[in-house]
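Down below is the structure, laid out as C-alpha coordinates.
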Amino acid sequence: MNRMTYEIDRRCVDKLHMDLHTFSKLCSMLRATGRLHDTRNVSVDEMVAVFLNVLAHHKKNRVIQNDFYRSGETISRYFNAVLGAVLCLQNELLKTPEPVHENSTDERWKWFKNCLGALDVTYIRLHMPEADKPMYRTRKNEIATNVLGVCSQDMQFIYVLLGWEGSAADSRILRDAISRRHELRVSRENYYLVDAGYPNGEGFLAPYRGQQYHLNDWRDGYQPTTPKEFLT
1 MNRMTYEIDR
11 RCVDKLHMDL
21 HTFSKLCSML
31 RATGRLHDTR
41 NVSVDEMVAV
51 FLNVLAHHKK
61 NRVIQNDFYR
71 SGETISRYFN
81 AVLGAVLCLQ
91 NELLKTPEPV
101 HENSTDERWK
111 WFKNCLGALD
121 VTYIRLHMPE
131 ADKPMYRTRK
141 NEIATNVLGV
151 CSQDMQFIYV
161 LLGWEGSAAD
171 SRILRDAISR
181 RHELRVSREN
191 YYLVDAGYPN
201 GEGFLAPYRG
211 QQYHLNDWRD
221 GYQPTTPKEF
231 LT
(Lines of atoms letter the chains of each structure in order from A and count residues from 1; the text may use other names and numbers.)
(Lines give C-alpha, C1' and ligand atoms only; values in the text may rest on other atoms or scores of the structure.)
Protein backbone atom coordinates (compact mmCIF):
# COMPACT_ATOMS: atom_id res chain seq x y z
CA MET A 1 0.00 0.00 0.00
CA ASN A 2 2.76 2.49 0.91
CA ARG A 3 4.72 1.74 -2.27
CA MET A 4 1.58 2.18 -4.34
CA THR A 5 0.30 5.48 -2.95
CA TYR A 6 3.11 7.25 -1.10
CA GLU A 7 6.53 6.45 -2.54
CA ILE A 8 6.75 6.05 -6.31
CA ASP A 9 4.72 8.27 -8.63
CA ARG A 10 4.97 5.91 -11.60
CA ARG A 11 3.71 2.98 -9.53
CA CYS A 12 0.74 5.06 -8.38
CA VAL A 13 -0.12 5.90 -11.99
CA ASP A 14 0.22 2.24 -13.03
CA LYS A 15 -1.97 0.96 -10.21
CA LEU A 16 -4.51 3.76 -9.73
CA HIS A 17 -4.33 5.68 -13.02
CA MET A 18 -3.46 8.93 -11.23
CA ASP A 19 -0.28 10.42 -9.79
CA LEU A 20 0.51 10.79 -6.09
CA HIS A 21 -0.56 14.43 -5.88
CA THR A 22 -3.92 13.77 -7.54
CA PHE A 23 -4.52 10.72 -5.35
CA SER A 24 -3.79 12.72 -2.20
CA LYS A 25 -6.10 15.52 -3.32
CA LEU A 26 -8.91 13.08 -4.10
CA CYS A 27 -8.59 11.47 -0.66
CA SER A 28 -8.78 14.89 0.99
CA MET A 29 -11.90 15.79 -0.99
CA LEU A 30 -13.57 12.50 -0.06
CA ARG A 31 -12.74 12.99 3.62
CA ALA A 32 -14.35 16.43 3.44
CA THR A 33 -17.68 14.89 2.40
CA GLY A 34 -17.93 13.42 5.90
CA ARG A 35 -18.79 9.99 4.51
CA LEU A 36 -15.32 8.44 4.85
CA HIS A 37 -13.26 8.14 8.03
CA ASP A 38 -10.14 6.24 9.03
CA THR A 39 -10.98 3.14 11.04
CA ARG A 40 -8.77 1.22 13.41
CA ASN A 41 -7.65 -1.11 10.62
CA VAL A 42 -8.28 0.70 7.33
CA SER A 43 -7.34 4.26 6.34
CA VAL A 44 -9.32 6.40 3.92
CA ASP A 45 -6.34 6.26 1.56
CA GLU A 46 -6.53 2.47 1.44
CA MET A 47 -10.30 2.55 0.87
CA VAL A 48 -9.80 4.88 -2.08
CA ALA A 49 -6.91 2.79 -3.43
CA VAL A 50 -9.15 -0.30 -3.38
CA PHE A 51 -11.87 1.60 -5.21
CA LEU A 52 -9.51 2.93 -7.89
CA ASN A 53 -7.87 -0.47 -8.38
CA VAL A 54 -11.22 -2.01 -9.21
CA LEU A 55 -12.13 0.77 -11.63
CA ALA A 56 -8.72 1.04 -13.28
CA HIS A 57 -8.17 -2.65 -13.93
CA HIS A 58 -11.65 -4.22 -13.64
CA LYS A 59 -10.31 -6.57 -10.99
CA LYS A 60 -12.50 -9.14 -9.26
CA ASN A 61 -13.08 -9.02 -5.52
CA ARG A 62 -10.95 -12.10 -4.92
CA VAL A 63 -7.99 -10.51 -6.74
CA ILE A 64 -8.25 -7.32 -4.66
CA GLN A 65 -8.37 -9.51 -1.52
CA ASN A 66 -4.92 -10.85 -2.39
CA ASP A 67 -3.55 -7.42 -3.32
CA PHE A 68 -4.62 -5.73 -0.07
CA TYR A 69 -4.81 -8.72 2.31
CA ARG A 70 -8.42 -7.94 3.19
CA SER A 71 -11.54 -10.07 3.31
CA GLY A 72 -14.06 -10.03 0.50
CA GLU A 73 -16.64 -8.43 2.79
CA THR A 74 -14.23 -5.61 3.69
CA ILE A 75 -13.37 -4.96 0.04
CA SER A 76 -17.05 -4.83 -0.94
CA ARG A 77 -18.04 -2.61 1.99
CA TYR A 78 -15.36 0.00 1.41
CA PHE A 79 -15.79 0.01 -2.35
CA ASN A 80 -19.43 0.97 -1.89
CA ALA A 81 -18.54 3.52 0.80
CA VAL A 82 -16.09 5.28 -1.52
CA LEU A 83 -18.58 5.13 -4.39
CA GLY A 84 -21.15 6.91 -2.22
CA ALA A 85 -18.62 9.58 -1.28
CA VAL A 86 -17.61 10.11 -4.92
CA LEU A 87 -21.24 10.64 -5.89
CA CYS A 88 -21.47 13.36 -3.24
CA LEU A 89 -18.82 15.28 -5.18
CA GLN A 90 -20.84 15.48 -8.38
CA ASN A 91 -21.68 19.17 -8.01
CA GLU A 92 -18.02 19.94 -7.41
CA LEU A 93 -16.51 17.71 -10.07
CA LEU A 94 -19.10 17.86 -12.85
CA LYS A 95 -19.02 21.07 -14.83
CA THR A 96 -22.29 22.41 -16.22
CA PRO A 97 -21.73 23.26 -19.89
CA GLU A 98 -21.93 26.93 -20.84
CA PRO A 99 -24.00 27.80 -23.93
CA VAL A 100 -22.51 29.73 -26.84
CA HIS A 101 -23.04 33.42 -26.15
CA GLU A 102 -24.42 35.89 -28.66
CA ASN A 103 -21.14 37.84 -28.70
CA SER A 104 -18.91 34.76 -29.11
CA THR A 105 -15.88 35.27 -31.38
CA ASP A 106 -14.98 31.58 -31.68
CA GLU A 107 -15.10 30.82 -35.41
CA ARG A 108 -16.21 27.26 -34.75
CA TRP A 109 -19.09 28.08 -32.45
CA LYS A 110 -20.27 31.67 -32.92
CA TRP A 111 -22.87 30.52 -35.46
CA PHE A 112 -24.63 28.37 -32.86
CA LYS A 113 -26.09 30.68 -30.22
CA ASN A 114 -27.18 28.80 -27.06
CA CYS A 115 -25.50 25.58 -28.21
CA LEU A 116 -24.03 23.52 -25.35
CA GLY A 117 -21.69 21.32 -27.38
CA ALA A 118 -21.91 18.20 -29.52
CA LEU A 119 -22.57 14.49 -29.17
CA ASP A 120 -21.93 11.31 -31.12
CA VAL A 121 -21.37 7.61 -30.63
CA THR A 122 -18.17 5.63 -31.04
CA TYR A 123 -17.39 1.93 -31.17
CA ILE A 124 -15.16 0.23 -28.62
CA ARG A 125 -14.16 -3.30 -29.59
CA LEU A 126 -14.89 -6.16 -27.19
CA HIS A 127 -14.02 -9.79 -26.54
CA MET A 128 -17.06 -11.85 -25.59
CA PRO A 129 -18.63 -15.34 -25.83
CA GLU A 130 -19.65 -16.48 -29.31
CA ALA A 131 -23.33 -16.62 -28.32
CA ASP A 132 -23.40 -12.88 -27.58
CA LYS A 133 -21.49 -11.69 -30.63
CA PRO A 134 -24.39 -11.21 -33.11
CA MET A 135 -25.92 -8.39 -31.03
CA TYR A 136 -22.60 -6.58 -30.82
CA ARG A 137 -21.61 -6.94 -34.47
CA THR A 138 -21.29 -3.55 -36.19
CA ARG A 139 -21.87 -2.60 -39.82
CA LYS A 140 -18.12 -3.06 -40.32
CA ASN A 141 -18.39 -6.62 -38.98
CA GLU A 142 -16.51 -5.78 -35.77
CA ILE A 143 -17.59 -6.90 -32.30
CA ALA A 144 -18.01 -3.72 -30.29
CA THR A 145 -20.11 -1.75 -27.84
CA ASN A 146 -21.68 1.52 -28.96
CA VAL A 147 -20.80 4.36 -26.56
CA LEU A 148 -22.51 7.75 -26.56
CA GLY A 149 -20.27 10.70 -25.67
CA VAL A 150 -21.44 14.26 -25.07
CA CYS A 151 -18.82 17.03 -25.09
CA SER A 152 -18.79 20.70 -24.23
CA GLN A 153 -17.38 23.29 -26.63
CA ASP A 154 -13.88 22.79 -25.20
CA MET A 155 -14.10 19.01 -25.80
CA GLN A 156 -14.62 18.04 -22.17
CA PHE A 157 -16.86 15.02 -21.62
CA ILE A 158 -20.02 15.96 -19.73
CA TYR A 159 -22.05 12.79 -20.27
CA VAL A 160 -21.23 9.22 -21.32
CA LEU A 161 -23.64 6.32 -21.82
CA LEU A 162 -22.10 2.84 -21.96
CA GLY A 163 -23.33 -0.65 -22.66
CA TRP A 164 -25.28 -0.54 -25.91
CA GLU A 165 -24.70 -3.24 -28.52
CA GLY A 166 -22.68 -2.38 -31.60
CA SER A 167 -25.73 -3.13 -33.75
CA ALA A 168 -27.86 -0.46 -32.02
CA ALA A 169 -28.86 2.60 -34.04
CA ASP A 170 -27.51 5.98 -32.95
CA SER A 171 -30.98 7.48 -32.52
CA ARG A 172 -32.07 4.58 -30.32
CA ILE A 173 -29.14 5.15 -27.97
CA LEU A 174 -29.94 8.87 -27.75
CA ARG A 175 -33.58 8.09 -26.90
CA ASP A 176 -32.35 5.91 -24.07
CA ALA A 177 -30.04 8.67 -22.82
CA ILE A 178 -32.83 11.24 -22.54
CA SER A 179 -35.44 8.89 -21.05
CA ARG A 180 -33.54 6.88 -18.43
CA ARG A 181 -33.45 7.64 -14.70
CA HIS A 182 -30.18 9.62 -14.77
CA GLU A 183 -30.92 11.15 -18.12
CA LEU A 184 -29.06 13.55 -20.36
CA ARG A 185 -30.79 16.84 -19.63
CA VAL A 186 -31.13 19.66 -22.14
CA SER A 187 -32.93 22.83 -21.10
CA ARG A 188 -35.62 24.14 -23.45
CA GLU A 189 -33.56 27.08 -24.73
CA ASN A 190 -30.38 25.05 -25.41
CA TYR A 191 -29.33 22.26 -27.75
CA TYR A 192 -26.49 19.97 -28.83
CA LEU A 193 -25.12 19.52 -32.34
CA VAL A 194 -25.57 16.00 -33.76
CA ASP A 195 -24.73 14.37 -37.08
CA ALA A 196 -27.08 13.08 -39.77
CA GLY A 197 -27.55 9.80 -37.92
CA TYR A 198 -29.95 11.59 -35.58
CA PRO A 199 -33.26 13.33 -36.30
CA ASN A 200 -33.76 17.02 -35.65
CA GLY A 201 -35.74 17.61 -32.49
CA GLU A 202 -36.03 19.71 -29.38
CA GLY A 203 -32.58 19.95 -27.84
CA PHE A 204 -30.71 18.50 -30.84
CA LEU A 205 -29.70 20.13 -34.13
CA ALA A 206 -28.71 17.91 -37.07
CA PRO A 207 -27.22 19.08 -40.40
CA TYR A 208 -29.29 19.41 -43.55
CA ARG A 209 -29.83 16.07 -45.25
CA GLY A 210 -27.69 15.35 -48.28
CA GLN A 211 -25.09 18.02 -47.51
CA GLN A 212 -21.35 17.59 -47.04
CA TYR A 213 -20.34 18.07 -43.43
CA HIS A 214 -17.54 15.61 -42.62
CA LEU A 215 -14.08 17.15 -42.25
CA ASN A 216 -12.75 15.02 -45.11
CA ASP A 217 -15.24 16.73 -47.44
CA TRP A 218 -13.70 20.14 -46.73
CA ARG A 219 -10.05 19.47 -47.42
CA ASP A 220 -8.06 21.03 -50.26
CA GLY A 221 -9.65 24.44 -49.77
CA TYR A 222 -13.22 23.41 -50.63
CA GLN A 223 -15.64 26.25 -49.79
CA PRO A 224 -19.44 26.24 -49.27
CA THR A 225 -21.42 26.93 -52.45
CA THR A 226 -24.95 27.04 -51.01
CA PRO A 227 -26.56 28.45 -47.84
CA LYS A 228 -27.25 24.90 -46.62
CA GLU A 229 -23.60 23.89 -47.03
CA PHE A 230 -22.51 27.01 -45.16
CA LEU A 231 -24.78 26.27 -42.21
CA THR A 232 -23.89 22.59 -42.22
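Under full-length UniProt numbering, the first residue of the sequence shown carries the number 1, and numbering increases by one thereafter.
From the three backbone atoms N, C-alpha and C, an ideal C-beta is built for every residue, glycine too.
Just so you know, these numbers come straight off a predicted model, no measurement behind them.
Asked                                                                                     : Found
Span separating the alpha-carbon of F121 from that of L148                                : The question names Phe, yet the displayed sequence has Val at residue 121. The straight-line gap from Cα to Cα measures roughly 4 Å.
Limits of the alpha helix (DSSP H) - the one that L83 falls within                        : G72 to C88
Through-space distance from Q156 to Y191, alpha-carbon basis                              : 16 Å
Short Cβ contact (8 Å threshold) for F112 with L193                                       : yes
Reduced DSSP category for L30 - H, G, I as helix; E, B as strand; rest coil               : helix
Counterpart residues of G149 in DSSP-defined beta bridges                                 : D120 and V160
Backbone CA spacing between A85 and E107 [nearest angstrom]                               : 40 Å
Cα-Cα separation between I173 and N146, rounded to whole angstroms                        : 8 Å
Entirely enclosed alpha helix (DSSP H) segments - the segment 168-204, minimum 4 residues : 170-179
Inter-residue spacing [alpha-carbon to alpha-carbon] between S167 and D132                : 12 Å
Residue burial classification, P129 (beta-carbon count within 10 angstroms, cutoff 16)    : exposed
N114 beta carbon less than 8 Å from that of V100                                          : yes
Helix, strand or coil at E165 [DSSP, three-state]                                         : strand
Member of E92, C88 and N41 whose CA lies at the smallest distance from the CA of S71      : N41
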